[in-house]
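Notes follow the structure.
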Amino acid sequence: MIHQLIQDRYYILKLLGTGGFGETYLAKDIGRASNPLCIIKYLKPASTTAAFLKKLRQLFLRQAEILGRLGHHEQMPALVSYFEQDGGFFIVHDYAEGHTLDQEFQTDQRWSESQATELLKNVLEILSFAHSQGVIHGDVKPENLVRRYRDNRIVLVDFGTVKQEQTQFTTPDGDVHVSIAVSTPGYAAAADGTVIPDYGRDVQSVGYLGIRALTGVSIEALPRDQETGEIIWSSLALANFELEAFISRLAHPLPEERFSNASEALRALLHLTDFYAPVSVAALAANTANNVALLESPPVLLTTTVDIPPATSVHGGLLTDSELANLDAWLPGETAEEQTSTRDSAQPTLSPLTGLQKILIFGGTILALMAGIMGLVGGLGFVTPPSQWQTVLDQAHQRRGTGAFDDCLKLAQQIPSTDKLYGQAQSLIIQCRLDPAKALDEDGQRPQAMALLATIPQADPAYTAAQELLGLWSDALLSQANQAYQSGNLDQAQALIQAIPPTSPSHSIAQDALASWRAEFAANQTTLAQARQAFDQQRWPEAIALAQQVRLNGQPVPEDSDYYRQNIAPLIQNAQTRQATAPETNPVTPDGAATSPGLDSNSPPPEATPEVTASSSPEVETLNNPNLASPTPTASPEAIGNIEAAVAQ
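The sequence shown begins at 0 in numbering that gives the first Met the number 0 and counts up one residue at a time.
Take a look at the structure:
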């Protein structure tokens, strides 16, 4: 299907992949003014039975309906169209230019808690919208999460994909049968035939993303508890206990232990992080230096009643009783009644440290436990104070905004791999590498833009993204070159092909296409020369037949193209006009000799006929020039007499 035009609108550029759905292509939508790129999913039925096609069509229409509902969300691809053609099913949706998240997941490279939490929040927000529409994704994984270049936001693709699964089995009699099942992942059929979405499957996949980000290890490589089936991962991550517990609940193998849907999980995450905000370590130290003493032995706890003024913030200050109640509702191991009883009792008892700030009364002063301080200073990442590298990263963003891309790169490259901002810095490096090329492209200088991308070395973080963009632009140039050649403009096609750099993934394909075009074009020139020769020799049918043999890309030349109008149409039209006035003139025999009208193959050739030297009669002129003979030659008696007299002389 490469380089084919589907529905007279979608020009296929390249095959992106194959799978249970069928084939996925990158295409150009020439039906829209800007000719944007789009994704085409093509599903060719694995069976032609009526029952199978009926179910497949139902699921196909269901997927189209899903994309139509979800496409209004900014971080989901919008449905462009869907249709059936030549026995296959096609879905077209917008293309998100960017790189997939698996390119950001480097082996043994752990994300910071703030980065991981932001990723979880982004994906849960998208899924929350989808779940509210009664839709699940069914295959949330790094390969289906795209970091969009234009705004650096996460886009979730591949919603509701219909898949065909083929199973082969042998009966006891030795007969081989093939069973083909068609389904949409994540949806189960109820007893009454209705479809039930399994939201928990999406929730679990988000948990896997969090584990992968914090550990730097793929899920498949992590061990599992032999009894519960839970993934053992916390020892590999430097994460706050509450965040670990939250992610473990997302990824729990038992559905009843997970959050029921993305909205519930998102609320829990937001509630968890609401108690954390950036605070100054210096301010924290100043507030606690006079009150906190590190003792060699456990302190003696004295009960003291104090008046706690209303707090304007729970970040870095005291928690009111109502705030403590809200906080404790999320702490494991205690019921609400036990927590209330503990706070109201005359002799409070200590519950296990949870990492969240607990307020105790010590000698009439407020003592923040070290666990609480550590939670504030190094907890979820929301409380880590802005580091010097945050300032550097902010400056890099500022330089990018002003177009100072070199300065942006120099600043972003300073951030070490051990810092939590390293991932953001790498993403910024990619953008600053690509931005100059994009600016050239927007100015209509795509060949120069591609040449710039080709200079990015393989060790550069932007190399993969640059190669993807280079491939897209190369495919677009190849498409333009193909259109130029299809119109007969080989010179323009060659110029476009030569603009594709050797490092481009499409370079070899483009060179093969150019070689094929040159050979075909040369053959066409020879054919047209033969057609003109036949025309000059007044062999009209032969001239027409030769002109009609001209091909571009192995197909007849479009009659609305400049090449046809300039090279083929005049030849055919003139030959047809001459043939209409003398249709029986000079039929071509197998040996190439022309036979005059009215003479059989055994008659002497026209050269043996006595030459008529002079006559002003049209009939005599016709005799001298058989090519001007009329369809039914007639002569008056007077003309016949003149001919006989001429012959007698």
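For every residue, glycine included, the Cβ atom is placed at its ideal position computed from N, Cα and C. Keep in mind that this is a model prediction, so the values were computed, not measured.
Would you call the CB atoms of residue i and residue j closer than 7 Å?
| i | j | result |
| --- | --- | --- |
| Leu12 | Asp440 | no |
| Ile153 | Tyr94 | no |
| Leu652 | Ala395 | Examination of residue 652 is not possible in this model, given that the chain is present from 0 through 648 alone. |
| Thr99 | Val145 | yes |
| Met449 | Leu471 | no |
| Lys40 | Thr23 | yes |
| Arg68 | Gln3 | no |
| Trp539 | Gln572 | no |
| Leu408 | Cys431 | yes |
| Gly70 | Leu42 | no |
| Ala264 | Val216 | no |
| Glu96 | Tyr148 | yes |
| Ala533 | Leu570 | no |
| Ser560 | Ser478 | no |
| Ile414 | Ala403 | no |
| Val134 | Ile65 | yes |
When you compare only the Cα positions, how much space is there between residue i and residue j?
| i | j | result |
| --- | --- | --- |
| Ser111 | Lys419 | 5 Å |
| Ala498 | Asp490 | 13 Å |
| Asp224 | Ser247 | 13 Å |
| Asn260 | Asp405 | 44 Å |
| Gly422 | Ala236 | 16 Å |
| Ala238 | Leu221 | 17 Å |
| Ile218 | Tyr207 | 7 Å |
| Leu527 | Tyr562 | 12 Å |
| His130 | Met75 | 13 Å |
| Val79 | Pro254 | 35 Å |
| Gln466 | Asp101 | 16 Å |
| Arg200 | Ala494 | 51 Å |
| Asp535 | Gln575 | 13 Å |
| Pro141 | Glu243 | 20 Å |
| Ala45 | Leu60 | 17 Å |
| Leu36 | Ser127 | 28 Å |
| Asp28 | Tyr81 | 13 Å |
| Lys54 | Asp197 | 20 Å |
| Gln565 | Gln397 | 55 Å |
| Asp511 | Asp107 | 41 Å |
| Leu52 | Gln62 | 15 Å |
| Trp388 | Thr401 | 20 Å |
Tell me whether residue i is buried or exposed, calling it buried when 16 or more other Cβ atoms sit within 10 Å of its Cβ.
| i | result |
| --- | --- |
| Thr214 | buried |
| Asp157 | buried |
| Ser33 | exposed |
| Ile567 | buried |
| Leu598 | The predicted position of Leu598 is uncertain, since its pLDDT is 30 and thus under 50; no value can be drawn from it. |
| Ile210 | buried |
| Gln687 | The chain is shown only over 0 to 648; residue 687 falls outside these bounds and no answer can be derived. |
| Pro460 | buried |
| Ala530 | buried |
| Asn143 | buried |
| Ser204 | buried |
| Gln537 | buried |
Between which two residues does the beta strand (DSSP E) harbouring residue i extend?
| i | result |
| --- | --- |
| Gln84 | Leu78 to Gln84 |
| Gly97 | Gly97 to Thr99 |
| Ala220 | That residue, Ala220, is in no beta strand (DSSP E); it is neither H nor E in DSSP. |
| Asp93 | Gly87 to Asp93 |
| Val556 | Unbroken run through Val556: none, as it is neither H nor E. |
| Asp440 | From DSSP, Asp440 is part of no beta strand (DSSP E) but of the alpha helix (DSSP H) over Tyr421 to Glu441. |
| Gly16 | Tyr9 to Thr17 |
| Lys40 | Leu36 to Leu42 |
| Arg147 | Leu144 to Arg147 |
| Leu155 | Ile153 to Leu155 |
Locate the alpha helix (DSSP H) running through residue i, then write down its first and last residues.
| i | result |
| --- | --- |
| Leu468 | Tyr462 to Gln485 |
| Leu489 | Leu489 to Gln497 |
| Gly209 | Tyr198 to Thr214 |
| Lys120 | Glu112 to Ser131 |
| Ala665 | This structure cannot settle anything about residue 665, because the visible part of the chain is limited to 0 through 648. |
| Lys27 | It is not in any alpha helix (DSSP H) - Lys27 instead sits in the beta strand (DSSP E) that spans Glu22 to Asp28. |
| Val391 | Gln387 to Gly400 |
| Ile246 | Phe240 to Leu249 |
| Gly67 | Ala49 to Leu69 |
| Met449 | Arg445 to Leu452 |
| Trp539 | Trp539 to Ala546 |
Going by the C-beta, is residue i closer than 6 Å to any heavy atom of the ligand PLP?
| i | result |
| --- | --- |
| Leu213 | No copy of the ligand PLP appears in this structure; indeed no ligand is present at all. |
Inter-stretch contact at 8 Å, needing at least 3 Cβ pairs: the region 515 to 532 / the region 498 to 506: No, the region 515 to 532 is not in contact with the region 498 to 506.
Any 3 or more C-beta pairs closer than 8 Å across the region 448 to 456 and the region 482 to 502: Touching, yes.
The region 82 to 92 / the region 118 to 126 touching (three or more Cβ pairs under 8 Å): Fewer than three beta-carbon pairs drawn from the region 82 to 92 and the region 118 to 126 are found closer than 8 Å, and the two stretches are therefore not classed as touching.
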